[in-house]
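K.L.:
Residue numbers (our numbering), protein chains in the order written: chain A, 8 to 177; chain B, 324 to 715; chain C, 35 to 719; chain D, 15 to 211; chain E, 40 to 142.
All C-beta atoms in this analysis are idealised placements derived from N, C-alpha and C, irrespective of residue type, glycine included.
If you're wondering where the values come from, they're calculated on a predicted model, not measured in any experiment.
#1: Residue range of the alpha helix (DSSP H) that residue 119 (chain A) falls in?
#2: How would you list, in chain order, the residues of chain C whose beta-carbon sits under 8 Å from the beta-carbon of residue 186 (chain E)?
#3: Which chain B residues sit within Cβ distance under 9 Å of residue 11 (chain A)?
#4: What number of angstroms, rounded off, separates the C-alpha of residue 651 (chain C) from the C-alpha of residue 637 (chain C)?
#5: When the cut-off is 9 Å and only beta carbons count, does residue 713 (chain C) lie next to chain G?
#6: Of all the beta strand (DSSP E) runs that stay within the bounds of the region 56-119 of chain C, which reach a length of 3 or more residues?
#7: For residue 162 (chain D), write down the residues that DSSP places opposite it in a beta bridge.
#8: For residue 142 (chain D), I'd like the list of residues in its chain whose CB is within less than 6 Å of its CB, leaving aside the five on either flank, ordered along the chain.
#9: Counting contacts by CB-CB distance shorter than 9 Å, is residue 419 (chain B) in contact with chain A?
#10: Is there a Cβ from chain B that is less than 9 Å from the Cβ of residue 67 (chain A)?
#11: Closer than 7 Å by beta-carbon distance: list the chain D residues that pair up with residue 700 (chain B), in chain order.
#12: Just verifying my parser: in three-state terms, what is the DSSP assignment at residue 348 (chain B)?
#13: Which residues of chain E have a Cβ atom closer than 7 Å to the Cβ of residue 111 (chain A), listed in chain order?
#14: Mind the definition here: the region 77-97 of chain C touches the region 54-66 of chain C only if three or more C-beta pairs lie below 8 Å; say whether that holds.
#15: Can you list, in chain order, the residues of its chain whose CB lies under 6 Å from that of residue 35 (chain A), leaving out five sequence neighbours each side?
#16: Check the DSSP bridge columns for residue 74 (chain D) and list the partner residues they point to.
#17: Under a three-way DSSP split, which group does residue 417 (chain C) fall into?
#18: Kindly list, in the order they appear in chain C, the residues whose Cβ is closer than 8 Å to that of residue 61 (chain E).
#19: With 16 as the cutoff for other CB atoms within 10 Å, does residue 156 (chain D) come out buried or exposed?
#20: Please state whether DSSP places residue 444 (chain B) in a helix, a strand or coil.
#21: Out of C:586, C:116 and C:129, which one is the CA nearest neighbour of residue 177 (chain C)?
#22: Taking the continuous alpha helix (DSSP H) assigned at residue 96 (chain D), which residues delimit it?
#23: Output yes or no for whether 9 Å exceeds the beta carbon distance between residue 433 (chain C) and residue 320 (chain C).
#24: Am I right that residue 228 (chain C) and residue 323 (chain C) are in contact with their C-beta atoms under 8 Å? What's the rounded C-beta distance?
#25: Assign residue 338 (chain B) to buried or exposed, taking buried as 16 or more other Cβ atoms, counted over all protein chains shown, within 10 Å of its Cβ.
#26: Buried or exposed, going by whether 16 or more other CB atoms sit within 10 Å of the CB of residue 123 (chain D)?
#27: What residues from the region 402-427 of chain B come within 9 Å of chain A, judged by C-beta to C-beta, listed N to C?
#28: So, is the C-beta of residue 231 (chain C) closer than 9 Å to a C-beta in chain A?
#29: For residue 41 (chain D), which residues from the same chain have a beta carbon less than 7 Å from its beta carbon, with the 5 sequence-adjacent residues on both sides left out?
#30: Return the residue from the list C:543, C:375 and C:530 that minimises the CA-CA distance to residue 277 (chain C).
#31: Are the CB atoms of residue 444 (chain B) and residue 620 (chain B) within a distance shorter than 9 Å?
#32: Could you tell me which of C:71, C:175 and C:439 sits nearest to residue 139 (chain C), measuring between CA atoms?
Here is the structure:
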C-alpha cells in the first residue's frame with residue numbers, strides 16, 4: 008500500500024464528502040474540484056497519467072467552472088438563497104442516506120470479497136499520448152466518431168436549451 | 324572547463340550533493356534540490372521584471388520610469404515588497420474568510436506547479452512526465468478556479484464581475500491556446516516537454532530545427548502568444564482588471580501581501596506560458612545558431628524568456644484595452660478557426676514531401692484563411708479618424 | 035499501374051472541392067462560382083479522357099485496374115475502400131464529365147437571372163462529384179455513400195425553387211421514393227458483407243465480384259429457392275429501380291421536372307437515372323452468377339428484364355398523352371431506362387450500357403432543346419401553347435430533330451443501333467419472347483409520341499400569343515436562345531447522330547471494348563441481325579406515320595382543341611394522361627393502409643391495453659374492497675372505509691409518480707442494492 | 015489586412031522607446047526635488063497676508079473687515095477682530111486681526127478672497143512644497159505663518175505688485191492733504207484698490 | 040503496490056457518497072454534481088481493472104475512462120443547460136418544488 012495512494016484517496020474522500028455535505032453550494036463545488044483532483048491522483052497511482060491529467064483538465068477546468076457559472080446564473084447573486092437549510096434528519100434525507108449506505112454495504116462487501124489480485128505487469132504499461140492516440144485512431148475509431156457526434160450534439164443542444172425563448176428575451 | 328561541463332554544471336552539482344545524502348532521504352533531497360532553485364529564480368525574475376516593465380513602459384511613454392530606489396531604481400521591487408508586507412491585511416466583513424484566504428495561495432501554487440515540467444536547460448527539468456504538456460494545461464486550468472474563488476469570496480459586485488469576466492475570458496482562450504500547441508504535439512509525436520525541446524535541437528547548416536521556422540509553427544507561435552496574453556490577463560486583454568469600470572477586478576478586495584501574491588501569480592503564469600512557448604516553438608534551451616552551442620543551455624532559455632517578456636511589455640505599452648464583445652468575438656471567430664486551420668496545415672506539412680513546394684503550399688494554407696478571416700473581421704467597420712462634437 | 039489509376043479519385047474530388055469552395059463564397063461572386071464549377075468539370079473531363087486512353091491502350095487483364103487503401107479499423111476489421119478503372123468506368127466517366135460539362139456551360143446561360151445562381155452551381159458541382167464517385171468506386175460502401183449524396187443533391191436540385199410548393203413536394207417525393215429503393219440496396223449490401231466479409235468489388239481474388247465469392251454465393255440457396263447471389267442482386271436492383279424510375283418506384287421521376295427547368299431535369303434524365311443502370315452493370319457478375327452452373331439465366335436477371343419491359347411499355351404509353359414538354363421527355367426517359375434494363379437482363383452489360391451511352395447524349399440533347407424551347411417561349415411548358423417554332427428557333431429545331439430521330443430509332447441514327455441491339459438480344463432470349471414484343475410495341479409508341487410532340491411544338495403557326503402574358507411588351511413571339519445555350523445543343527447533336535456507329539453489328543467496337551477485346555469488322559454478323567433490323571425500322575416508320583396521320587395531316591390551330599386520341603378514345607386518353615393513376619393508387623392503398631393500421635392500433639390501445647390496465651385497477655379495487663372490509667369490520671372498525679379503498683386502489687401507483695427526480699433515483703439505488711446483493715448471493719451459492 | 019495596424023502601433027512605441035534614449039527632448043520628466051519647472055507669474059497655490067515694511071505686525075495691511083471670511087466658499091478663513099486699532103497702509107486708524115487662520119487643507123485656491131479684499135491685504139502664494147507630517151496642526155496656518163512681506167509679493171507676482179503699490183501710493187497721496195475727511199478717502203482707496211487688483 | 044480491493048472499496052465509497060448527495064441535496068446543480076461523482080467512481084473501477092487485468096496493453100480500461108469522461112462532460116453541459124431552462128421557468132432550482140410530472 009503506497010503512501011501516495013493513501014494521500015490521494017484521503018483527498019478524494021475528504022473532498023467529495025465535503026462536496027456532498029457543505030451547505031454553501033459554492034463550497035460544495037470547490038470541494039468537489041479538490042475531491043476530483045484526488046481522484047486524478049488515484050489514476051496517477053494506477054499509472055494512467057493521460058487519464059489523470061485529462062480528468063483535471065475536464066473536471067477542474069471545465070465542469071467545476073461550468074457548475075459555478077450555472078449557480079451564478081440561477082440564484083448566485085443572493086448569497087442567503089444559496090445556503091441550504093439544515094434538515095439532515097428529514098424523512099427523505101434519512102431514506103436517502105439509508106439507501107446510499109445500503110448500496111455502499113453491498114458494493115463494499117462485493118469489493119472486499121474479490122480475490123486479492125496483483126497486477127500482471129510490475130510496471131504500468133505506457134498509456135501516454137502516443138499509445139492513446141494510436142488506440143483511438145485504430146481500434147476505437149468508431150467510438151471516437153460517435154463521441155465526436157455526441158459532443159457536437161450536446162454542445163448544440165446545450166446552447167439551444169439554455170437560450171432564452173423569444174418572449175423571455177423581449 | 325569544457326562547454327559541456329559548464330552546460331551541465333548544475334546537474335553534476337546535484338549528483339555530487341546527492342552522494343552525501345543517505346539513500347532513504349534521497350528522493351526528498353532530490354526533490355528539494357530541484358524545486359528550491361525554481362522557487363528562488365522565478366520570483367527573483369518576477370522582481371526584476373516588475374522594475375523592467377515599469378522602466379520599459381516609461382520609455383515607451385517617453386518617461387524615465389522608477390529611478391529613485393537603489394542604482395537606476397533597481398531596488399524598487401524591494402521597496403514594493405517591504406511596503407506590501409507591512410501593509411494592513413484588510414478582509415471584508417462579509418467575505419467568505421476561508422475561500423478569501425485560499426484563493427491567492429491556490430493561484431500562486433498552481434502557477435508554481437507548472438514549472439515542474441518546463442525544461443530550463445539540457446537535462447534540467449524537475450519531472451519529465453510523459454504527458455507533461457497535458458499536465459501544464461491541467462494545472463493551468465486551476466488558475467481559473469482560483470480567480471473565481473477570489474472574486475466570489477470577496478462579496479463585492481466589482482470583484483464578482485471581474486472574476487466572471489476573467490473566467491469567461493480564460494476559458495475562451497484556453498481552447499486556442501491548447502489547439503495552437505497541438506501542432507507541435509503532431510510534429511513531435513510526444514507530450515513530454517523535454518522530448519519536444521530535444522526534437523528541435525538539431526541544425527541544418529547553421530539554422531536550427533525550431534518549429535517557429537515552419538509556416539504552421541510561426542502561425543502557431545503567434546496564435547499561442549496571443550492566447551497566452553489573454554490567458555494571463557495582460558494588456559490588451561486585461562478587461563478583468565479594467566480599472567476604468569470595475570476598478571481592479573477580482574482582487575479589488577485584497578490588500579497587503581495577498582495582493583502582492585496575486586501579482587506574483589500573474590507574473591509567474593506569464594513566465595510559465597512564455598517558457599512553454601519557448602519549449603514548444605523556439606527550440607527550448609537550444610542555441611539559435613550551430614556555432615553558438617558552446618553557450619550553456621540554461622542561458623539560452625533565460626535569454627529567450629527575457630526576449631518574450633520584453634515582447635509582453637512592448638505589447639502592453641502599445642495597445643488599448645479591448646471591449647468584452649470584441650474580446651470574445653476575437654477568440655471564437657478568429658482565433659479558434661485559425662488554430663483549426665493551423666492544425667490542418669501541420670497535418671499537410673507532415674504528409675507532403677519536403678521541398679520548396681511544401682513550404683509554399685503550407686504558407687498559402689495559413690495566409691489565405693488569415694486574409695479571409697481578417698477581411699470578415701473588418702467588414703462593415705469604417706476605420707477612420709473619429710471626430711468628437713463636444714470634446715474638442 | 036499508371037498515374038491515372040492511383041489518382042482516379044481526383045476526378046470526383048475536383049467537383050467536390052469546387053462545390054465546397056463555392057459553398058463558402060458570397061452570393062454575389064457569380065462569375066467566380068460558375069468559373070470554378072466549369073473549370074473543375076473541365077479538369078475532370080480531361081482526367082476522364084486520360085483514364086479512357088489508359089484503358090484503351092491496355093489489353094486483357096490490364097483493362098481492369100484498381101487501387102485499394104485501408105480507411106479505418108472497426109474492431110478487428112479493416113474497412114477498405116478503393117477506386118477502380120475498367121472499360122465500364124472509363125466510358126461512363128467520359129460520358130458523365132462530357133455531358134456534365136455541357137450542362138454546366140448551358141446553365142450559365144439558363145440560370146443567369148436567378149438570384150441563387152451560386153447555390154445552384156454549388157449543388158451542381160456536388161452532384162457531379164458524387165456521381166463521379168459512384169462511377170469510380172471499387173467498394174459497394176463507397177458507392178453507396180456517393181449514391182446517397184447523389185440522392186441528397188438531387189433532392190436539393192429538384193427543390194431548388196423551394197418557394198414553389200409543388201417543387202418542395204416533388205423534392206420530398208423524389209427523396210422518399212428513392213430512399214425506399216435504397217433500403218433494399220442497403221439490405222443487399224449488408225447481406226453481401228455478411229456473406230463475403232468484404233465490399234470491395236475487385237481485390238486480387240478476394241473481392242465480392244470475383245470468382246471465389248461468386249461461386250460460394252451461387253451455391254447457396256435461401257428463401258423461395260433463390261440463390262444467395264440472386265437474392266442479393268434483387269435487393270440491389272431495388273436501389274437501382276428507385277434511382278432509375280422503374281415501375282413501382284417511378285412516381286418521382288415525372289414530378290422531378292419541377293426543378294430549374296431543363297438543367298436539373300436533364301441531370302435526372304441523362305445522368306443520375308443512368309446511375310441505376312450503371313449499378314446493375316457494375317454488379318452484373320453477381321446478378322449473373324450461376325449462369326455457368328447449368329442454368330441459362332438467373333432469377334435476378336429475369337426480374338430485371340420483366341421490370342424493364344413493363345417500365346418500357348408503361349412509360350411509352352403514358353408519354354403519348356402528356357401536354358407538358360418536359361413530362362413527355364421524362365416518361366420517355368423512363369421508358370428508355372426500361373429498355374436498358376431489358377438489354378442488361380437479356381444481353382448483358384454491353385447491350386444495356388450501349389443504349390445508356392447513346393441515350394444519354396440524345397436525351398441530353400432533347401432536354402436541352404426543350405429547355406431552349408421553354409426559354410424561348412418565356413417559361414411556357416405546355417405544348418398546346420407552342421407551335422410554329424421551326425421558323426422562330428431554327429437552330430433549336432435542327433438539333434432537336436436530330437435528337438428526336440435518334441430517340442425514335444430511325445435507321446443510321448445512334449438510337450437505332452442501340453435499340454436494335456436490345457431488341458435483338460430480347461428476341462434471342464431463350465426464356466420468352468415477351469420482352470421483345472413489349473419492347474417492339476414500346477418502340478412504335480416512342481416514334482408516335484415523339485412525332486406528336488414535334489408536330490405540336492414546331493409545326494404550324496404559333497399559339498403562344500393566345501395565352502402569353504408578355505404580349506403587350508412587344509415580344510409576343512418566340513425567339514431563338516442565346517449562343518451559350520445553342521452551342522451545347524449543336525455539340526450534342528453530333529454524337530446523337532454518329533455515336534451509334536461504334537456499336538453496329540458489323541463493327542461492335544463498343545461491346546468488345548467493354549469486354550476487353552479488340553473489335554473486328556465482320557459483315558457476317560450483319561446477316562443474323564439484318565432481318566430484325568428491317569423489322570424494327572418498319573416499326574419505327576409505322577410509328578412515325580401513325581403520328582403524322584393523326585397530327586400532321588391536319589395541323590392544330592386552336593389552343594383549346596382536343597387531342598386526336600382524346601376525341602376518339604377519351605377514357606383511354608385520360609387513363610394515360612393520369613399515368614394509370616399510380617399516384618392515386620398509392621394514395622388509395624399505401625396511405626389508406628397506414629390510416630387503417632393507425633386506427634387498429636388505436637382500437638388495440640383502447641380496448642386491449644386499456645382493458646388490461648382497467649382490469650388491473652379493478653383487481654386493485656377488489657383487493658382494496660377486501661382489505662377495507664377487513665379493516666373496517668375485522669381489524670379496526672373505526673377506520674374510514676372510503677379512505678382505505680382510495681389509497682389502496684388509486685393512489686398507490688400514483689404515489690410512485692411523485693414527480694420528484696430524487697425519488698426515482700432512490701428507486702434506482704434500491705434496485706442496485708438488490709441487484710448486487712442477489713448477484714453475489716447467487717455467486718456465492 | 016488584420017495586423018497591419020498592430021504592427022504600426024508596435025513600431026510607433028518602439029520608436030518612442032529607443033528615441034527616449036537618443037534624444038533628450040523627448041523626455042519631458044523633471045527630477046523634482048533637484049530641479050523644478052520655471053515659475054509662471056500667474057500661478058497660484060494658497061492665500062497669504064501682505065505686510066509693508068519690516069515688522070509684520072506693524073505693517074499688516076489687513077483691517078479685519080471679514081469680507082473674505084464671508085465670501086470664502088469652503089469657509090476656510092477664520093478672523094477675530096482686535097480690541098484696539100492701529101494705522102493701516104494708508105495711514106488711517108483701523109482694526110487689525112487678532113487672529114487670522116486659514117485651513118489650507120480645506121482651501122480650494124479659488125482666489126475669491128483676493129478678489130473681494132478692499133485693502134489689497136490678501137494675495138495668492140505660489141509655494142507648493144507644503145507636505146507636512148501632521149495633517150491637522152501643520153496645515154492650519156495662523157497669522158504669523160500667513161504673513162509675507164511686500165518684497166516677497168513683488169518677487170512672486172512683480173507686475174501685479176507694482177500696480178497695487180501704485181494704487182496704494184495714490185491713495186496715500188489723497189489721504190495725506192486732507193486728514194479731516196478720512197472716511198471718503200478710505201472708500202476711494204477701496205474702490206481703486208479693488209479695481210487695481 | 041496497493042491491492043485491487045482497496046481501489047474497488049474507494050470506488051464504492053465515492054459512488055455511495057455521490058449517491059447520498061444526489062438523493063439528499065435539494066439543489067438541482069448539486070444533484071448533478073453527485074451524479075458526476077458516481078461516474079467518476081465508475082471510472083476508478085475501469086482504470087483499476089485495466090491495471091490489474093490480464094491484458095493491460097490493450098488500453099481498454101483507459102479508453103473506456105476517456106470516453107466516459109467525455110460523456111460526463113457532455114452530460115454536465117446539457118444537464119446544466121436544462122437546469123438553467125428549468126430555473127428560468129420555475130424560478131427555482133429546488134427539486135422539491137419541481138414536480139410538474141407528478142402522477
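P.N.:
Working from what's here:
#1: For the purposes of this step, residue 119 (chain A) is identified with residue 112 of the first chain, where counting begins at 1. Residues 98-119.
#2: The displayed coordinates of chain E run from 40 to 142. Any statement about residue 186 (chain E) would go beyond what the structure contains.
#3: For the purposes of this step, residue 11 (chain A) is taken as residue 4 along the first chain, with counting starting at 1. Neighbours of residue 11 (chain A) on chain B: none; closest Cβ ~12 Å, over 9 Å.
#4: Along the third chain, one-based indexing puts residue 651 (chain C) at 617. Along the third chain, one-based indexing puts residue 637 (chain C) at 603. When rounded, the separation of the alpha-carbon atoms in residue 651 (chain C) and residue 637 (chain C) is 20 Å.
#5: Annotation note: the requested chain G is absent from the structure, which comprises protein chains A, B, C, D and E.
#6: Taking only runs of at least 3 residues, the beta strand (DSSP E) segments lying wholly in the region 56-119 of chain C are 99-108 and 111-119.
#7: The residue labelled residue 162 (chain D) in the question sits at position 148 within the fourth chain. Per DSSP, D:64.
#8: Here residue 142 (chain D) refers to the residue found at position 128 of the fourth chain. Closer than 6 Å at the Cβ level, and outside the excluded window around residue 142 (chain D), lie 59.
#9: Taking the first residue of the second chain as position 1, residue 419 (chain B) is located at position 96. With 9 Å as the cut-off, residue 419 (chain B) counts as an interface residue toward chain A.
#10: Residue 67 (chain A) sits at position 60 when you count from the first residue of the first chain. Closer than 9 Å: yes.
#11: On the second chain, residue 700 (chain B) is found 377 positions in, with the first residue counted as 1. Going along chain D in sequence order, the residues near residue 700 (chain B) (Cβ under 7 Å) are 16.
#12: Counting from one through the second chain, the residue named residue 348 (chain B) turns up at place 25. It is helical.
#13: By 1-based counting over the first chain, the position of residue 111 (chain A) is 104. Residues of chain E passing the Cβ test: 51, 52 and 55.
#14: No contact exists between the region 77-97 of chain C and the region 54-66 of chain C.
#15: Within the first chain, residue 35 (chain A) is the residue found at index 28, counting from 1. Only 26 and 29 meet the Cβ criterion.
#16: The residue you call residue 74 (chain D) lines up with position 60 of the fourth chain. In the DSSP assignment, residue 74 (chain D) is bridged to D:65.
#17: One-based indexing of the third chain puts residue 417 (chain C) at position 383. Correct three-state label for residue 417 (chain C): helix.
#18: On the fifth chain, position 22 is the one that residue 61 (chain E) refers to. What residue 61 (chain E) touches in chain C, judged by beta-carbon distance under 8 Å, is 696 and 699, going in chain order.
#19: The residue given as residue 156 (chain D) occupies position 142 in the fourth chain. Per the 10 Å Cβ criterion, exposed.
#20: Within the second chain, residue 444 (chain B) is the residue found at index 121, counting from 1. Reduced to three states, the DSSP call for residue 444 (chain B) is strand.
#21: Translated into the one-based positions of the third chain, residue 177 (chain C) becomes position 143. With distances taken between Cα atoms, residue 177 (chain C) lies closest to C:116.
#22: For the purposes of this step, residue 96 (chain D) is taken as residue 82 along the fourth chain, with counting starting at 1. From DSSP, residue 96 (chain D) is part of no alpha helix (DSSP H) but of the beta strand (DSSP E) over 91-101.
#23: The count along the third chain starts at 1 and reaches residue 433 (chain C) at position 399. The count along the third chain starts at 1 and reaches residue 320 (chain C) at position 286. Taking 9 Å as the Cβ cut-off, residue 433 (chain C) and residue 320 (chain C) do not qualify as a contacting pair.
#24: By 1-based counting over the third chain, the position of residue 228 (chain C) is 194. By 1-based counting over the third chain, the position of residue 323 (chain C) is 289. Actually they do not touch by this definition, with Cβ atoms about 17 Å apart.
#25: Counting from 1 along the second chain, the entry for residue 338 (chain B) is found at position 15. Around the C-beta of residue 338 (chain B), fewer than 16 other C-beta atoms lie within 10 Å, and the residue is accordingly described as exposed.
#26: What you label residue 123 (chain D) is simply residue 109 of the fourth chain in a count that begins at 1. By the 10 Å Cβ count, residue 123 (chain D) comes out exposed.
#27: Within the region 402-427 of chain B, the qualifying residues are 417, 419, 421, 422 and 425.
#28: The count along the third chain starts at 1 and reaches residue 231 (chain C) at position 197. Interface flag for residue 231 (chain C) against chain A is unset, since no Cβ pair is found closer than 9 Å.
#29: Within the fourth chain, residue 41 (chain D) is the residue found at index 27, counting from 1. Excluding positions up to five away in sequence, the list reads 34.
#30: The sequence position of residue 277 (chain C) within the third chain is 243, counting from 1. Taking the Cα of residue 277 (chain C) as reference, the smallest distance to any Cα among C:543, C:375 and C:530 is reached at C:375.
#31: Taking the second chain and counting its residues from 1, one reaches residue 620 (chain B) at position 297. Taking the second chain and counting its residues from 1, one reaches residue 444 (chain B) at position 121. For residue 620 (chain B) and residue 444 (chain B), yes; Cβs fall inside 9 Å.
#32: As a position in the third chain, residue 139 (chain C) is number 105, starting the count at 1. Looking at the Cα atoms, C:71 is the closest of the given residues.
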